Amino acid sequence: MSTLTRTFRNLWRIGLKDYGHQMQYIGDTKAGTLIATDRFGNKYYENLEEELPLRTRWVDYKEKEFDPSHIEPGWHAWISYMVDAPPTTDKLLQTGVRTWELPEHRANVTLSRGAFKTYSTVRPKYSAWQPVAASR
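Its first residue numbered 400, the sequence shown is counted upward by one per residue in this note's numbering.
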């Protein structure tokens, strides 16, 4: 939750359109410098002067229905404060698309119908109770 003066200052800096977008999707107003945009269209920002510690970096997702799996591994390391330099300037993280990576994003399907379920070949140790109704 931000103060009124901080909210109006950020409204002046980012404009009315971005203010409405941030209030709808982030729930707070933030003004910072655009660091880069990844290959999925997500925008990464940083503000070291005015934000609280560990809240200085944030991502503006391209999709409205965002999922944390939409962040690439290098950007995830940067936004989680594991590395200091963003992947655009860090030589170690500038590997690009790896041979085993898919060119398009595949959504995380955990806890949905498309989730991976193992197939067991072991006979169950117990069976469900089957009620038997006597005829009248």
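We put the CB at the ideal spot given by N, CA and C, even for glycine.
Quick caveat, the model's predicted, so the values are computed rather than measured.
Beta strand (DSSP E) segment containing residue i, residue limits
i, result
"Arg456", "Arg456 to Asp459"
C-alpha gap between residue i and residue j, whole angstroms
i, j, result
"Val508", "His475", "19 Å"
"Tyr460", "Met422", "14 Å"
"Gly440", "Val521", "46 Å"
"Leu403", "Leu410", "10 Å"
"Ser526", "Leu447", "60 Å"
Per DSSP, the bridge partner or partners of residue i
i, result
"Ala435", "Tyr443"
Cβ-Cβ separation, residue j to residue i (assumed contact under 8 Å), whole Å
i, j, result
"Thr572", "Lys442", "Residue 572 lies beyond the range of the chain shown here (400 to 535); nothing can be said about it."
"Trp477", "Pro486", "6 Å"
Endpoints, the alpha helix (DSSP H) within which residue i is located
i, result
"Met422", "Leu415 to Tyr424"
"His475", "Pro472 to Ile478"
CB of residue i within 8 Å of CB of residue j, strictly
i, j, result
"Arg456", "Glu445", "yes"
"Tyr480", "Leu451", "no"
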